[in-house]
Amino acid sequence: MDNPQTTRGGPDARKSAATRNLIRSRFAGGRLPEVENFTASLPFDRRLYRHDIRGSIAHARMLARVGLLTRGEERRIVAGLGAIEREIADGRFHFDVADEDIHLAIERRLIARIGDAGRKLHTARSRNDQVALDLRLFLRDELREVIAVLGRLRGALTALARRHLNTVMPGYTHLQRAQPVSLAHHLLAYVEMFERDRERFEQALERTDVMPLGAGALAATTLPIDRRAVARALGFRRISENSIDAVSDRDFVLDFLSASAIAAMHLSRMAEEIILWSSAEFGFIELPDAFATGSSMMPQKKNPDLLELIRGRSGRVAGDLLAMLVVMKGLPLAYNSDLQEDKERVFDALDTIRPALDLMARLWPRIQFRTDAMRAAAGGFTLATDLAEYLVRRGVPFREAHGIIGRMVREVAASGRSLEQLGAEELRRYSPRFGRDAIKILSVDHSLAARTVIGGPAPRTVRRRIEELERK
Ligand code: ARG
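Terminal number for the sequence shown in the working numbering: 483, no gaps in between.
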């Protein structure tokens, strides 16, 4: 992120005086420097410069079409904006907080470069509809990126699941071993979550894809502008239908932040499991060196800091959503400067979620799985429900079967053994309904293969789901 200092005064102090004149003709005096600093958004909204220029070029071309600019003025404006974009990209642009925001900074520079034609650019436009446009253009680009990264993460997990259809591991409830599942099934649970996240980001994108320019400050304009032409030039699917709503609506930001907060929560749960699995206590996986960190004191340590920070930073994204909801809840229509707070929330959520999704996608294929440890942890008392369901198939009411197997578990556990060690005779001591074939129930592979209901962990059921997901 290009982020050189935004300064006050200095060698360009005369220019900043000129800036003040850009919109302060009704004032007799200048602003207090502290007020200038407090109110400026330039230190962060300069990140929108490309989108601001793209929007201004579309606006200028439209103004020329409807006769509000001459073709010559249009050419000078478009060339001037192009030159300014290069100045900013190359770090040659002087940012001055006196400009307040990126919109005035670029307009001030345009006038300095091309003179009078530059003074016509802001015709039929307010910074209120301009900033709504810039943020929508920016978020539209970024959302497409987020959706792409999310796709890579889903792809990585699905590919891994394909290889681990038969890798048995314990499934947990209350973090206690519960029933056997496969690594594939466990991973696909996250794929389902990230699939819903994709849907939410797509919805956010659809609501972002609305062109607000032309709303002016709040009541549009008396000039004969062509909003459809601007929307077409910028590739918007829809045009805002109410000028008051257009400048005061940040629902699209909330849609993005809520989708981000939920995705960050999913990433956090995933991070937590990787941390657990990499502990000696679980011993299910080994983290790749490239993704682990050392300890300053304990030479043996291999720490999952990356995952702890993915987990920790999910809190910021939830905070970004909450902050924006609180910013908006009491605002009268239409635009209020409180809305200027939207950009840092968007940037922060984006800068948190994007690298986290990307690193997660790159981490999974490099994790080493200790499939023997997983299998060893999967068996034993996790087969208790299978035994109860065996009795159900033999006509025993489930609650009674639950009681029989519960007693069996208590006694077998007390004798320091495990269910798999029971013979057919022993089983029959608990219920005469246990036949010779009951022993076969006592295997994790059998348990897994039998769970073929829709959404179950049986390898062939999971394979079918993978194929469906891969078609999407
Ligand atoms: N910097 C403002 C923002 O970020 C845009 C200008 C809004 N208009 C105004 N009169 N302050 O929302």
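Where is the CB? At the ideal position from N, CA and C, for every residue including glycine.
Which runs of the alpha helix (DSSP H) spanning at least 4 residues fall entirely within the region 199-265, listed in chain order?
Whole alpha helix (DSSP H) segments, 4+ residues: 238-245 and 254-259.
Got a sec, what are the start and stop residues for the beta strand (DSSP E) Ala-189 sits in?
Position 178 of the sequence shown, counting from 1, holds the residue named residue 189. Counting along the chain, the beta strand (DSSP E) containing Ala-189 begins and ends at 187-193.
Which first and last residues belong to the beta strand (DSSP E) in which Gly-466 is found?
Start at 1 with the first residue of the sequence shown, and residue 466 comes out as number 455. First-last for Gly-466: undefined, no H or E at that position.
Taking the Cβ atom as the reference point for each residue, do Val-455 and Val-179 lie within a distance shorter than 8 angstroms?
Walking along the sequence shown from the start, residue 455 turns up at place 444. Walking along the sequence shown from the start, residue 179 turns up at place 168. A contact, by the Cβ cut-off of 8 angstroms.
Would you say Asn-139 touches ligand 1, meaning its beta carbon is less than 7 angstroms from a heavy atom?
Numbered from 1 along the sequence shown, position 128 holds the residue referred to as residue 139. Of the heavy atoms belonging to ligand 1, at least one sits nearer than 7 angstroms to the Cβ of Asn-139.
Could you tell me whether the Cβ of Ala-172 comes closer than 8 angstroms to any Cβ of chain B?
Note that chain B does not occur in the displayed structure, where there is just one protein chain.
Quick one: residues in its chain with C-beta nearer than 6 angstroms to the C-beta of Met-12, no 5 flanking neighbours on either side, listed in chain order?
As a working note, residue 12 is residue 1 in the sequence shown. Residue placement at Met-12 cannot be trusted, given a pLDDT of 39 that sits under 50; what the coordinates show is reported in the next sentence. In the same chain as Met-12, and ignoring 5 residues on each side of it, no C-beta atom comes closer than 6 angstroms to its own.
For Val-179, list the residues DSSP reports as bridge partners.
By one-based count along the sequence shown, residue 179 stands at place 168. According to DSSP, Val-179 bridges with Ser-193.
Assuming contact is defined by CB atoms lying nearer than 8 angstroms, are Ala-109 and Glu-47 in contact in what I supplied?
Here residue 109 corresponds to residue number 98 of the sequence shown, with the count starting at 1. Here residue 47 corresponds to residue number 36 of the sequence shown, with the count starting at 1. Contact check for Ala-109 against Glu-47 passes: the beta carbons are separated by less than 8 angstroms.
With a threshold of 7 angstroms, establish whether the CB of Tyr-346 neighbours any heavy atom of ligand 1.
Within the sequence shown, the letter at position 335 stands for residue 346. Yes, ligand 1 has a heavy atom inside 7 angstroms of this Cβ.
Which whole runs of the alpha helix (DSSP H) in the region 319-403 are 4 residues long or more, in chain order?
If we require 4 residues or more, the alpha helix (DSSP H) runs fully inside the region 319-403 come out as 353-374 and 382-389.
Decide if the region 267-275 is in contact with the region 350-367; the criterion is three or more beta carbon pairs, one per stretch, under 8 angstroms apart.
Yes, since at least three Cβ pairs between the region 267-275 and the region 350-367 fall closer than 8 angstroms, the two stretches touch.
So Gly-469 and Ala-461 are in contact, right, with Cβ under 8 angstroms, and what is the actual spacing, rounded?
Counting from one through the sequence shown, the residue named residue 469 turns up at place 458. Counting from one through the sequence shown, the residue named residue 461 turns up at place 450. Here residue 469 is Ala; the residue named in the question, Gly, does not match the sequence. The beta-carbon separation of Ala-469 and Ala-461, rounded to 7 angstroms, stays under the 8 angstroms limit for a contact.
Ligand 1 and His-62: does any heavy atom of the ligand fall closer than 7 angstroms to the residue's C-beta?
Along the sequence shown, one-based indexing puts residue 62 at 51. Not under cutoff, so the answer is no.
So what's Thr-304 in DSSP terms, helix, strand or just coil?
The sequence position of residue 304 within the sequence shown is 293, counting from 1. Here Thr-304 sits in strand by DSSP.
Beta-carbon separation (whole angstroms), Ser-67 vs Leu-92, contact threshold 8 angstroms:
Taking the sequence shown and counting its residues from 1, one reaches residue 67 at position 56. Taking the sequence shown and counting its residues from 1, one reaches residue 92 at position 81. Yes, they are in contact, since the Cβ atoms of Ser-67 and Leu-92 sit about 6 angstroms apart, within 8 angstroms.
Using 8 angstroms for Cβ pairs, my map puts Leu-402 next to Arg-444. What's the rounded Cβ distance?
For the purposes of this step, residue 402 is taken as residue 391 along the sequence shown, with counting starting at 1. For the purposes of this step, residue 444 is taken as residue 433 along the sequence shown, with counting starting at 1. About 6 angstroms separates the beta carbons of Leu-402 and Arg-444, which is inside the 8 angstroms limit, making them a contact pair.
Does at least one heavy atom of ligand 1 sit under 7 angstroms from the Cβ of Gln-214?
Indexing the sequence shown from 1 puts residue 214 at position 203. Checking every heavy atom of ligand 1 against the Cβ of Gln-214, none is found closer than 7 angstroms.
Consult DSSP for Ala-81 and reduce its assignment to one of helix, strand or coil.
For the purposes of this step, residue 81 is identified with residue 70 of the sequence shown, where counting begins at 1. The amino acid at residue 81 is misidentified as Ala; the sequence shows Thr. In the structure shown, Thr-81 sits in coil (DSSP, three-state: anything other than H, G, I, E or B).
Nearest to Gln-187 by alpha carbon, out of Ile-477, Gly-467, Leu-278 and Gly-390?
Along the sequence shown, read from residue 1 onward, the residue named residue 187 stands at position 176. The shortest Cα separation from Gln-187 among Ile-477, Gly-467, Leu-278 and Gly-390 belongs to Gly-390.
Between Gly-225, Arg-42, Met-281 and Ala-69, which lies nearest to Ser-254 when the distance is taken from Cα to Cα?
Start at 1 with the first residue of the sequence shown, and residue 254 comes out as number 243. The shortest C-alpha separation from Ser-254 is found at Gly-225.
Which same chain residues end up closer than 7 angstroms to Thr-169 when comparing Cβ atoms and leaving out the 5 residues on each side of it in sequence?
One-based indexing of the sequence shown puts residue 169 at position 158. Apart from sequence neighbours up to five positions away, the residues of its chain that approach Thr-169 with a beta-carbon distance below 7 angstroms are Val-202, Ile-477, Leu-480 and Glu-481, ordered along the chain.
Identify which residue in Gly-294, Lys-313 and Pro-44 has its Cα closest to the Cα of Arg-386.
Within the sequence shown, numbered from 1, the residue matching residue 386 stands at position 375. For Arg-386, the nearest C-alpha among the options comes from Gly-294.
From Leu-154, Ala-116, His-196 and Arg-97, pick the residue whose C-alpha is nearest to that of Ile-465; which is it?
On the sequence shown, position 454 is the one that residue 465 refers to. Restricting attention to Leu-154, Ala-116, His-196 and Arg-97, the CA atom closest to the CA of Ile-465 is found in His-196.
Does at least one heavy atom of ligand 1 sit under 7 angstroms from the Cβ of Asp-331?
Sequence index remark: in the sequence shown, residue 331 carries index 320 (1-based). Answer for Asp-331: no, Cβ out of range of ligand 1.
Rounded to whole angstroms, what's the CA-CA distance from Met-339 to Gly-330? Just pull it up for me.
Translated into the one-based positions of the sequence shown, residue 339 becomes position 328. Translated into the one-based positions of the sequence shown, residue 330 becomes position 319. When rounded, the distance between both Cα atoms is 14 angstroms.
So the alpha helix (DSSP H) Val-157 belongs to, where does it begin and stop?
Taking the sequence shown and counting its residues from 1, the one referred to as residue 157 is at position 146. According to the DSSP assignment, Val-157 belongs to the alpha helix (DSSP H) that extends over 138-174.
Rounding to the nearest angstrom, what Cα-Cα distance links Thr-81 and Tyr-60 in this structure?
Translated into the one-based positions of the sequence shown, residue 81 becomes position 70. Translated into the one-based positions of the sequence shown, residue 60 becomes position 49. The straight-line gap from Cα to Cα measures roughly 25 angstroms.
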